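**Student:**
Protein chains in written order, with the numbering used here: chain A, 0 to 292; chain B, 0 to 292; chain C, 0 to 292.
1) Under a three-way DSSP split, which group does residue 215/C fall into?
2) Does any CB atom of chain B fall closer than 8 Å to the CB of residue 269/A?
3) If you measure beta-carbon to beta-carbon, which residues of the stretch 165 to 176 of chain B are closer than 8 Å to chain A?
4) What are the residues of the stretch 46 to 59 of chain A that lie near chain C, defined by any Cβ-Cβ distance shorter than 8 Å?
5) Please report the straight-line C-alpha distance between residue 261/C and residue 117/C, rounded to a whole angstrom.
6) Using a Cβ cut-off of 8 Å (strictly closer), state whether residue 71/B contacts chain A.
7) Determine the closest residue to residue 64/A out of 147/A, 36/A, 222/A, with distance taken between C-alpha atoms.
8) Does residue 212/B get closer than 8 Å to chain C when you measure Cβ to Cβ?
9) Quick one: is residue 183/C near chain B, going by C-beta distance under 8 Å?
10) Is any beta-carbon of chain A found at less than 8 Å from that of residue 144/C?
11) How is residue 176/A classed by DSSP in three states: helix, strand or coil?
12) Please check if any C-beta of chain A sits within less than 8 Å of the C-beta of residue 28/B.
13) Rounding to the nearest angstrom, what Cα-Cα distance links residue 220/C and residue 230/C in this structure?
14) In chain order, which continuous runs of the alpha helix (DSSP H) of length 4 or greater are located wholly inside the stretch 101 to 163 of chain A?
15) Mind checking residue 198/C: buried by the 16 CB within 10 Å criterion, or exposed?
16) Answer yes or no: does any C-beta atom of chain C fall closer than 8 Å to that of residue 163/A?
17) How is the alpha helix (DSSP H) around residue 23/B delimited, first residue to last?
18) Would the beta-carbon of residue 121/B fall within 8 Å of that of residue 210/B?
19) So what does DSSP say about residue 1/A, is it helix, strand or coil?
20) Got a sec? Which residues, its chain only, sit under 7 Å from residue 184/B by beta carbon, not counting five neighbours each side?
21) What number of angstroms, rounded off, separates the C-alpha of residue 109/C from the C-alpha of residue 86/C?
22) Check whether chain B comes within 8 Å of residue 138/A, counting only Cβ atoms and requiring the distance to be less than that.
23) What residues from chain A crowd round residue 81/B, counting only those whose CB sits closer than 7 Å?
24) With H, G and I counted as helix, E and B as strand and the rest as coil, what does DSSP make of residue 46/B?
25) If we call anything under 8 Å between Cβ atoms a contact, is residue 171/A one with residue 165/B?
26) Taking the CB atoms as reference points, tell me whether residue 58/A and residue 160/A lie closer together than 8 Å.
27) Under a Cβ-count criterion, where at least 16 other Cβ atoms within 10 Å of its own Cβ denotes burial, should residue 20/C be classed as buried or exposed?
28) DSSP on residue 56/B, reduced to helix/strand/coil?
29) Check whether the stretch 76 to 93 of chain C touches the stretch 0 to 9 of chain C, counting contact only when three or more Cβ pairs, one atom from each stretch, lie closer than 8 Å.
30) How long is the line joining the alpha carbons of residue 239/A and residue 135/B, rounded to whole angstroms?
31) Taking any Cβ of chain C, which residues in the stretch 92 to 113 of chain B have a Cβ under 7 Å from it, in chain order?
32) What separation, rounded to the nearest whole angstrom, lies between the Cα atoms of residue 43/A and residue 53/A?
33) Going straight from the alpha carbon of residue 232/B to that of residue 128/C, what length do you get?
34) So which residues on chain B does residue 76/C lean against when the C-beta distance must stay under 8 Å?
35) Pull up the distance between the alpha-carbon of residue 182/B and that of residue 242/A, whole angstroms please.
36) Is DSSP giving residue 235/C helix, strand or coil here?
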């Protein structure tokens, strides 16, 4: 018990700056590039492409700024982070022969980057909750909203991010059909708000540790099994039937198993890296194209 | 004359909180539910449905916050009001067998709720005008705009409210084709601004009383006659021809008469409540589906 | 050299207020009216038409206000400017027999107005850069962004300006395909930011003078030759190939020459003014319909 509180204390003092932020930008730009049509935009208009990538990287901060009536351009004032995100953007989109993108698509790299990125989510949600707490004393709905916006910002503004690239899909948005990252950010925002208002019998450091571990575990598991079924689905379905008399279409579960085995085979039979990465990138595109921020 | 100023004083001291606010939420959520496709959304995504209903209830506050660069999430910090609006939302959308919705559709209930709701409009416009006055001394255009936004907010942001539900109708918006509530809010905002800048020979209390009575009278009359012709139409048409050389398509007047008589018949021949309410709800849907906020 | 600094000092002390602002409103409302469908809107809904024209006139201020979390309605508090813009709007759209519009379409008038309007661009970009500098010390990206937004605001928010008129073209925006005014504003914002952070061996007054002269010269040249090829195109193309491996579709250059000669002929053979202005307006529509703000 002593060692746990020690561990969680040390964990909570981690600095996001060079490593975790870089992983966040890397993973965000990768999923930006894997949107349908994104590559065309990168050839036609580097400015729109860059701005769209920045919305992926800093969407949460922009959204929460707007919600709190703070200047949404603030994110541009942090030169170092913008530089890091821009370099990542350049490497992913414009590196000769797409070597950097193909390298990023190698499975273990991709999994590690995604895991590191998830760590930043905890920090963002927490910063959103505390920021809202300092301005709106004990308005728990505001705390949840700002925490959620910071943690899942890129997803929540996806309609407008798409508009930058000339794409407009009004029929879909992250409120109508939440993706897993948006859902798990909402759960996190609720938990950190409960912790902040002292309704949760858990210290903040411990919550940070446990929530981050949960984020990483589910993310890695979903990437390895190519599954997109969220662990909340049973609870959601029950809640939905009970409270809202929904009849949600469930994602078929058996499909997942076949993909996994096929892919596992592909990965063990050492083909040349070029071909392999192409294959992985293709299958990754299917799963991750669903905006992974 | 003494008694009038007494009456208007007492009227101006009415508290909106429990009764009138509740009527506003009730009427707003009802018209939210009567949008085409809203019921589907309520089954598929309760979150989007709730958020859309909140935009109907608090749209004016959100819009005026954005215009004044105040945090648009402020409305979430008033826990009691959010709770009231959310309970109304739940009852209207998810009450077993739609009993609450059918109950709300009974004509006299609906008319009373709509009348009470109109009272809140006066208070909102006035609060918008005074708020703008305190920040922008004597900038009468700002006062009109903020008063209008507060009074008719749900209507003015309808494009974005629809987007939450996955609907996008760029070809129509409340500036291109103003609905009656939006028009009457604009007139109210102009009147209260004139009163505030002392260009109107009328005390504020009297103006509040008269404007509210006008709001209620026209609303009730329009609901009872199923008409959607605004009382401003002759003035508008004249102004339009005079200043802007418009050729507006006028709503045919004779159509209105037939609907009214048919409906009056339906209401006197005592059918079972179930059937009646269904009928009323159907015809109400036609008139009120035009966003009634 | 003495006389240059004298000249640029006097130039930098020019007041925008009556003359240059009026030219800006005039040119902006003209290009608003020349959007496809704008005339229909002016007949159907003067309110939407007025608001759309105001977005053309004050778009930069509104956009930069939003970006700096200042009230976007501030532009309405400057009564005199709103009045000037509104009168211009009324004259351009609703003057009997379109006399004012036809008068504005006469080539020399149009060119002079456009030249005067360009002067305001310099002032706007500079005010944006200094405003951002005073709030975000040395955040050069913020300075560029706000300067750009102020200088090219009408263009950058064109998607939402179109939405007011019931038009929605998600496939095109000014980031995806920058028009010349948006590009030249970006260049200006970069230059003034470099000057502000003292990375440019040029005094502010001189920069203002040179940049304005460049703006006017290119604008007038493009209007006279009916060309829409920007002087930056060679640099852009080189940069694009070098950094982003683009293959941009170049605008065919020979087409430009034929239009010019045909038009020059038309102008010398003194036809009645009525016919001429119609002709010019038609050809002007082609070139200038591309939002000229």
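Glycine residues also receive a C-beta, built at the ideal position from the N, C-alpha and C atoms.
Bear in mind the structure is a predicted one, so any value in this text is a computation, not a measurement.
**Tutor:** Walking through what the data contain:
1) helix
2) Summary for residue 269/A: the model assigns pLDDT 37, below 50, so the residue's position carries little reliability, and this model does not support an answer.
3) 165, 166, 167
4) 46, 47, 50
5) Residue placement at residue 261/C is poorly supported in this model, since its pLDDT is 36, which falls under 50; the coordinates still yield a value, given next. C-alpha of residue 261/C to C-alpha of residue 117/C: approximately 27 Å in a straight line.
6) Chain A, which has a Cβ nearer than 8 Å to the Cβ of residue 71/B, makes this yes.
7) 147/A
8) no
9) By this cut-off, residue 183/C is not an interface position.
10) At least one chain A Cβ lies under 8 Å of residue 144/C.
11) coil
12) No, because no Cβ of chain A sits closer than 8 Å to the Cβ of residue 28/B.
13) If you draw a straight line from the Cα of residue 220/C to the Cα of residue 230/C, it is about 10 Å long.
14) 106 to 134, 139 to 155, 157 to 163
15) Label assigned to residue 198/C: exposed.
16) yes
17) 18 to 32
18) Between residue 121/B and residue 210/B, the C-beta gap is smaller than 8 Å, which places the two residues in contact.
19) helix
20) 120, 124, 147, 150, 151
21) 18 Å
22) yes
23) 140
24) Residue 46/B falls in the helix class under three-state DSSP.
25) yes
26) yes
27) buried
28) Note: residue 56/B maps to helix in three-state DSSP.
29) no
30) 47 Å
31) Residues passing the 7 Å Cβ filter: none.
32) 17 Å
33) For the pair residue 232/B and residue 128/C, the Cα-to-Cα distance works out to about 47 Å.
34) 135, 138, 140, 141
35) Cα atoms of residue 182/B and residue 242/A: separation of roughly 38 Å, rounded to the nearest angstrom.
36) helix
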